[in-house]
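Peer 1: In the working numbering, the protein residues as written are 7 to 115. Virtual Cβ for every residue (Gly too), placed ideally from N, Cα, C.
Below, the structure is given as structure tokens:
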């Protein structure tokens, strides 16, 4: 894996509104990562569709077990996406990585 397709930032998103107020999401930076795009396979795409999710991108970054479902990814061009699935695995050479399945981020603000 080369991780040479660009850089992205991962954020946790927390509702900071007072109880009873409209939700107000606030991102907290978890880290910056170089990434590599992967093809969204048919199995991954249609499995997500079955639960009313649409996987638009799949990227691979260096291993980070602090990244979770529903965290936000922001690319260098400003595109924001929600993590639908974070998989932590090894490639055939034994190198650990994190694969992120992403869908469009829908702002509630």
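In whole angstroms, what separates the C-alpha of residue 34 from that of residue 17?
Peer 2: The residue you call residue 34 lines up with position 28 of the chain shown. The residue you call residue 17 lines up with position 11 of the chain shown. Distance between the alpha carbons of residue 34 and residue 17: 5 Å.
Peer 1: To the nearest angstrom, how far is the alpha carbon of residue 56 from that of residue 25?
Peer 2: Your numbering for residue 56 matches position 50 in the chain shown. Your numbering for residue 25 matches position 19 in the chain shown. For residue 56, the pLDDT reaches just 49, beneath the cut-off of 50, and the residue's location in the model is therefore unreliable, although a value from the coordinates is still provided. When rounded, the distance between both Cα atoms is 34 Å.
Peer 1: Have a look at the DSSP bridge pairing and note the partners of residue 89.
Peer 2: Position 83 of the chain shown, counted from the first residue, corresponds to residue 89. Residue 89 pairs with 108.
Peer 1: CB-CB under 8 Å to residue 62, same chain, minus the five flanking residues each way: which ones, in chain order?
Peer 2: Stepping through the chain shown from its first residue, residue 62 is reached at position 56. Taken in chain order, the residues that qualify are 46, 87, 108, 109 and 110.
Peer 1: Taking 8 Å as the threshold (C-beta atoms), are residue 75 and residue 60 in contact?
Peer 2: Within the chain shown, residue 60 is the residue found at index 54, counting from 1. Within the chain shown, residue 75 is the residue found at index 69, counting from 1. No. Outside cutoff.
Peer 1: Looking only at its own chain, which residues have a Cβ that is under 8 Å from the Cβ of residue 30, when we skip the five neighbours before and after it?
Peer 2: The residue labelled residue 30 in the question sits at position 24 within the chain shown. Excluding sequence neighbours, residue 30 sits near 21, 22, 23 and 115.
Peer 1: For my contact list, residue 7 and residue 81 are in at a C-beta cut-off of 8 Å; report their separation, rounded to the angstrom.
Peer 2: Counting from 1 along the chain shown, the entry for residue 7 is found at position 1. Counting from 1 along the chain shown, the entry for residue 81 is found at position 75. Incorrect: roughly 18 Å between the Cβ atoms, too far for contact.
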